[in-house]
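K.L.:
In the working numbering, the protein residues as written are 1 to 255.
(1) Quick one: grab the DSSP three-state call for residue 221.
(2) So which of 222, 118, 59 has the shortest CA-CA distance to residue 6?
(3) Measure the C-alpha to C-alpha separation of residue 154 and residue 166 and round it to an integer number of angstroms.
(4) Measure the C-alpha to C-alpha separation of residue 82 and residue 137 and round it to an integer number of angstroms.
(5) Quick one: residues in its chain with C-beta nearer than 6 angstroms to the C-beta of residue 109, no 5 flanking neighbours on either side, listed in chain order?
(6) Helix, strand or coil: how does DSSP classify residue 202 here?
(7) Measuring only the C-alpha atoms, how far is residue 246 from residue 239?
(8) Can you look up residue 52 in the DSSP assignment and give me helix, strand or coil?
(9) The alpha helix (DSSP H) spanning residue 170 covers which residue range?
(10) Would you mind sorting residue 10 into buried or exposed? The rule is 16 or more other CB atoms within 10 Å of its CB.
(11) With a threshold of 16 other CB atoms inside 10 Å of the CB of residue 128, please say whether the residue is buried or exposed.
(12) Taking the straight line between their C-alpha atoms, what separation do you get for residue 103 and residue 179?
(13) Is the closest heavy atom of the ligand ATP to the C-beta of residue 190 under 6 angstroms?
(14) Counting C-beta neighbours from all protein chains within 10 Å, is the total for residue 2 16 or more, i.e. buried, or is it exposed?
(15) Would you tell me roughly how many angstroms separate the C-alpha atoms of residue 158 and residue 171, rounded to the nearest one?
(16) With residue 97 and residue 75 assumed to form a contact (beta carbons below 8 angstroms), what rounded beta-carbon distance in angstroms separates them?
(17) With a CB to CB cut of under 8 angstroms and the five nearest residues on each side skipped, what residues in its chain are close to residue 152?
(18) Does DSSP classify residue 239 as helix, strand or coil?
(19) Between the segment 44 to 62 and the segment 190 to 199, can you find at least three pairs of beta-carbon atoms closer than 8 angstroms?
(20) Can the beta-carbon of residue 77 be found closer than 7 angstroms to that of residue 18?
(21) Out of 23, 4, 16, state which residue places its alpha-carbon closest to the alpha-carbon of residue 132.
(22) For residue 156 and residue 187, I'd like the C-alpha separation in whole angstroms.
(23) Please classify residue 254: is it buried, with 16 or more other beta-carbons within 10 angstroms of its beta-carbon, or exposed?
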C-alpha cells in the first residue's frame with residue numbers, strides 16, 4: 001500500500017538494478033515522519049493503537065465503481081503537516097502504525113497486475129555500501145527481503161479486511177462527521193475536523209440481531225476500541241499547546 005504522505009519516491013525493487021542494495025536497521029531518525037498528522041491503521045491494530053492514539057475514520061476516495069471508500073486512521077497532529085508524536089527525531093509513543101513500521105518498503109500493484117515490493121529511494125537507511133543485503137549475489141532475495149515481503153503481504157490482507165469492516169459500518173449508518181475543539185492556554189481555539197466517528201445514537205438504536213452479529217464478527221470490539229481512543233485527543237491538544245508555547249520560552253540560564 002503506497003501512501004503519498006509517507007513514500008516520497010517509491011520504485012519497485014529490481015533484482016538486477018538493486019543487486020547490491022543494502023538496508024541499515026540502525027537508522028532510527030523519526031523526523032522523516034514529522035509532517036504526517038494521520039496514518040492508516042488496520043483493524044488488527046486497534047487494540048494497541050487505541051491506548052495512545054485517537055482512532056477515527058476518513059473518506060478515502062472512490063473505488064473503480066465510484067463508490068465512496070472509508071478507512072481508519074490514527075490522528076497524530078492537530079494541524080496538517082504536524083506530527084506531535086515525533087519529538088527531537090524520536091517517537092514519544094510506544095505504538096507506531098504498521099504501515100510506518102514497514103517503511104521504507106510497501107506493496108504495489110503494477111500495470112501488469114503483479115504485486116511488487118517497492119522501496120522509497122529517499123530513505124537514508126538504504127545504500128549500496130553499508131547494511132544488510134536485500135539480494136544474494138545470484139539475484140535471489142535474502143531472508144531479510146523475504147521477511148519484508150511476508151510482512152507486507154500480511155498487512156495487505158489486513159487492509160482488505162479493514163476495508164470490509166468500514167463498508168459494514170457505512171451500510172449500518174454508523175459513521176458521522178466529528179469535530180474536536182481544543183482551547184490553548186493563550187485562548188486560541190484549535191479545531192480538528194475532517195474525520196468520522198461512530199454515531200452513538202444510531203449504535204444504540206441498532207436492532208438486537210445486528211448487535212449480536214457485530215459482536216460475533218469482532219466489529220463491536222473495534223467500535224469500543226475507537227470509543228476508548230477518543231480520550232487521547234486531550235493529550236494531543238496538550239502536546240500541541242506545549243509545542244506552540246515552546247518558541248516563547250526564555251532561554252535556559254547559562255551554567
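Backbone N, C-alpha and C define an ideal beta-carbon position, used for all residues, glycine too.
P.N.:
Here's the rundown:
(1) DSSP, reduced to helix, strand and coil, places residue 221 within a helical segment of the structure shown.
(2) Between residue 6 and the set 222, 118, 59, the nearest pair of CA atoms involves 118.
(3) Distance between the alpha carbons of residue 154 and residue 166: 19 angstroms.
(4) The alpha-carbon atoms of residue 82 and residue 137 are separated by roughly 42 angstroms.
(5) Excluding sequence positions up to five before and after residue 109, its CB lies within less than 6 angstroms of the CB of 115, all in the same chain and listed in chain order.
(6) Note: residue 202 maps to helix in three-state DSSP.
(7) Taking the straight line from one Cα to the other gives about 10 angstroms.
(8) Reduced to three states, the DSSP call for residue 52 is coil.
(9) Element bounds for residue 170: 143 to 171.
(10) For residue 10, the number of other beta carbons within 10 angstroms of its own is at least 16, and it is reported as buried.
(11) Looking at its Cβ environment, which holds fewer than 16 other Cβ atoms inside 10 Å, residue 128 is exposed.
(12) If you draw a straight line from the Cα of residue 103 to the Cα of residue 179, it comes to about 30 angstroms.
(13) Of ligands this structure carries none, so the ligand ATP is not represented either.
(14) Here residue 2 is exposed: its Cβ has fewer than 16 other Cβ atoms, across all protein chains shown, within 10 Å.
(15) Rounded to the nearest whole angstrom, the CA to CA distance from residue 158 to residue 171 is 20 angstroms.
(16) Rounded, the Cβ-Cβ distance is 11 angstroms, inconsistent with contact.
(17) Correct list, in chain order: 102, 105, 106, 107, 117.
(18) The answer is helix: DSSP assigns residue 239 an H, G or I state.
(19) Yes: at least three Cβ pairs fall under 8 angstroms.
(20) Their beta carbons are not under 7 angstroms apart, which means residue 77 does not touch residue 18 by this criterion.
(21) Residue 23 is the option with its Cα nearest to residue 132.
(22) Straight-line spacing of the CA atoms in residue 156 and residue 187 works out to 44 angstroms.
(23) In this prediction, residue 254 has a pLDDT of 44, which is less than 50 and means its spatial position is unreliable; what the coordinates show is noted afterwards. Answer is exposed; the Cβ neighbour count stays below 16.
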